[in-house]
């Protein structure tokens, strides 16, 4: 039996349970395409999205249609540098950052598919706190790795006493949604010819010190394989020499026999045993990604955009062509650019002017083929594809001059219907045959939204066409007295009154209180990796 009152290991901070940041209270806005900013001539039905607006509101807006559909999330949230908090108490600094990250991470988890994974790029300021927070949201058993990537280093030449050394790396926290997710280990090009290596290995192991070619390992060493496997490897080598050495190199023979055989021989001069290492073109990488510089400087982004090679490596871990990736801190647009070039579908969210000045401009260059930097050569990118550009709609409810809650004038009939479907947790799916079916809920429950006076006669007409087991919620602005009592299968909920408590309306943004700072000093021995 589980004791729900038993204390659990978690990170606590000022305002952690503030209802303002509870994802249940975030307004589910609608997204409106701006055809003048979209670039979808090549594919009018493209599913690629660039969204301008607050990313917390945008993530909530995506939830009804995209819950459980995102294969990979990569985010590079603003680092909590502390310089943005000169006038605030330290506890407020960390608490605000954590509260706003918590809400975003919770929504991102809901958007991930069952086999989805998430990567969060962060620096030393919040790494430890973020790790505990992600353990809480994603589950400690779903933590997979922490990758280290090289960061731009200050060009320090003088040697003097300092409080701490310069930080040479950022980290990427890697979590899965479930513990069944699998990834393909990344590789790095590193060509090596086939070669032979001494057969002994460090450390004593019982039973691994048998005699071989008249030799035994020293007291502190052991042979690499068991006696049985070793003598099989000797036979494998002898067979290649006698039957195939005039036809194939040993690496070719190894490949043709399934890349599984082992080979052992006597060293030609010493007579000591040695084992064969096939030729390789790539090394399998671990969590040390210091071969890639995290930032690049091709797009005049104040703090440097992310290196395209880094995103390529991330996407190759678990995504294939057509899989959906998401970045809710799009910045200069690197995630969208790399996803586009690699044939992945993508959703990118950017709240700042960067959405227009960087993301759109950059993606247009990707599509017309003029962007040949980054991973373009590696993936043979020539141009093509499309995306649609969306704006986040304003809050559904505003306050009029008399202090009364009213529906924002932005919402005409069509937009009103979409908004009400989100607010009432219905899927927007207007019926082509029955005008009173705007949204589809669970089972046979439907939603109808109207700005007209809902009359008793209209209720009777609709009721006559309801199929067995169907129920209907009607959301009018006004209705005739008695209309709500005509048919028990029909429920009337007046707008806007019926949704006033559905969420927190009127929030323009949920900003992370960070200001990015430009990187001014670079290590002149490193380039941008692109």
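Residue numbers (the numbering used here): 169 to 698.
Just so you know, even glycine gets a beta-carbon here, dropped at the ideal spot from N, CA and C.
Under the 8 Å Cβ criterion, the stretch 532-543 counts as touching the stretch 492-507, having at least three qualifying pairs. Take residue 483, set aside five residues on each side of it, and the residues of its chain with a beta-carbon closer than 7 Å to its own are 240, 493, 506, 507, 510, 512, in chain order.
The stretch 512-525 makes no contact with the stretch 187-199, as fewer than three CB pairs between them are under 8 Å. One Cα belongs to residue 211, the other to residue 625, and the distance between them is close to 45 Å. Around the beta carbon of residue 606, 16 or more other beta carbons lie within 10 angstroms, which makes this residue buried. Every unbroken stretch of the beta strand (DSSP E) spanning 3 or more residues and falling wholly within the stretch 180-255 is given here in chain order: 199-201, 217-220, 238-243. Rounded to whole angstroms, the separation of the alpha carbons of residue 594 and residue 333 is 54 Å. The secondary-structure analysis by DSSP pairs residue 448 across a beta bridge with 360.
Counting along the chain, the unbroken alpha helix (DSSP H) around residue 479 starts and ends at 476-486. Between residue 406 and residue 385, the C-beta spacing is not below 7 Å.
Just so you know, the alpha carbons of residue 306 and residue 353 end up roughly 22 Å apart. If you draw a 10 Å sphere on the C-beta of residue 192, you find fewer than 16 other C-beta atoms in it, and that means exposed. In this structure, residue 293 lies away from residue 535, with their beta-carbon atoms at least 7 Å apart.
Between residue 618 and residue 642, the alpha-carbon positions lie close to 8 Å from each other. Under the 10 Å beta carbon count, residue 452 is surrounded by fewer than 16 other beta carbons and is classified as exposed. The alpha carbon of residue 580 has as its nearest neighbour, out of 590, 622, 267, 564, the alpha carbon of 564. Counting C-beta pairs closer than 8 Å gives three or more between the stretch 429-447 and the stretch 393-406, which meets the contact rule. Per DSSP, reduced to three states, the secondary structure at residue 391 is strand. Residue 557 has its alpha-carbon roughly 29 Å from the corresponding atom of residue 266. Here residue 363 is not near residue 390, since their CB atoms are 7 Å or more apart.
Residue pairing of residue 457 in beta bridges, as defined by DSSP: 317. When DSSP states are grouped into helix, strand and coil, residue 591 belongs to the helix group. Following the DSSP letters along the chain, one finds residue 620 inside the beta strand (DSSP E) bounded by residues 613-622. In the structure shown, residue 645 falls within a strand segment according to DSSP collapsed to helix, strand and coil. The beta carbon of residue 651 lies closer than 6 Å to those of 622, 624, 627 in the same chain, with the five residues before and after it left out. Around residue 450, the same chain offers 355, 356, 357, 358 as residues with beta carbons nearer than 7 Å, after the five sequence neighbours per side are excluded. Across the structure, residue 597 and residue 194 are spaced so that their CA atoms are roughly 23 Å apart. Every beta strand (DSSP E) of 3 residues or more that sits fully in the stretch 557-592 is shown, in chain order, as 565-567, 573-575.
For residue 447, same chain residues with a beta-carbon under 7 Å away, outside a window of 5 residues either side, are 360, 361, 362, 419 in chain order.
Between residue 678 and residue 244, the C-beta gap is not smaller than 7 Å, which leaves the two residues out of contact. Between the alpha carbons of residue 608 and residue 646 lies a gap of roughly 22 Å. Closest by C-alpha distance to residue 383, out of 435, 280, 553, is 435. Check the Cα spacing between residue 603 and each of 649, 396, 633, 568: the tightest is with 633. According to the DSSP secondary-structure assignment, residue 382 is paired through a beta bridge with no residue. The DSSP-derived three-state label of residue 532 is helix. Across the structure, residue 415 and residue 445 are spaced so that their CA atoms are roughly 19 Å apart.
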